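Okay, structure first, notes after.
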Amino acid sequence: RRVKRVIMRVNYKNTPENYRAMVQIIIPPLLDLLKSLTLLEEEIFERNRALDKEKEGLGIPANQIHPKWNELMDDYFQRQMQLLTGRVTQNYLEGGVRISYSSPSEYNYVKRNDFSVDFIMTKAEEARVVTHYQEALEMKHQFVLRLVDGNWLLDEKFYGFEDEETWYGDLL
């Protein structure tokens, strides 16, 4: 099986030469995680749409949830936890996971390969990856990864608007 190499231009911001090789170690697993979360979110969105259609046939009012909706949310939560375990810090997991889902999904720009990346690493145990993408507005995500027991784990995530300096804390 051949591994498809993602070729992307990375902007190195304040990253000394000796840390630049870390891009190949840190970015591909992060993008794989974001792609997996995107596929899961899209699946949950479609399954929820199917439940909404089924509600009509069952005579359930639009403002009430389908009897199977809680089961769907439990499945979403469990599968997110499976994806995140071993890839995020315990501290981050304790903050909870997103239970929202939409179309387009949160990280669909990764699946479309329509984004740019900044890599910022100024110390050996921490790296920041900033993705710049366009939805209705020009947006950006910042992912803070920390080296924990020899593994690069996601520890914090933020979002921001391209024309602002402010970052807002966010769930994965």
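In terms of the working numbering, the sequence shown opens at residue 56 and continues consecutively. All C-beta atoms, glycine included, are put in the ideal place defined by N, C-alpha and C. Everything numeric in this text was worked out from a predicted model, so none of it was measured.
- Message: Could you compute how far the alpha carbon of Ser160 sits from the alpha carbon of Phe198?
- Response: When rounded, the distance between both Cα atoms is 17 Å.
- Secondary structure at Ala182, three-state DSSP: helix, strand or coil? strand
- Compute the distance between the beta-carbons of Ser157 and Asn66, then report whether it is under 8 Å. For the 8 Å CB-CB criterion, Ser157 and Asn66 do not form a contact.
- Determine the direct distance from the alpha carbon of Gly151 to that of Val203, and round the result to whole angstroms. Val203 and Gly151 have their C-alpha atoms some 20 Å from each other.
- Query: Cα separation between Pro71 and Leu200?
  - Reply: 17 Å
- Query: Mapping DSSP to helix, strand and coil, what is Gly112?
  - Reply: helix
- State the CB to CB distance for the pair Asn163 and Thr93, rounded to an integer number of angstroms; the pair is presumed to be in contact (CB under 8 Å). 6 Å
- At 4 residues or longer, and completely inside the segment 100-179: list those alpha helix (DSSP H) runs for me, N to C. 124-139, 145-149, 163-167
- Query: In terms of DSSP beta bridges, what is Asn66 paired with?
  - Reply: Asp173
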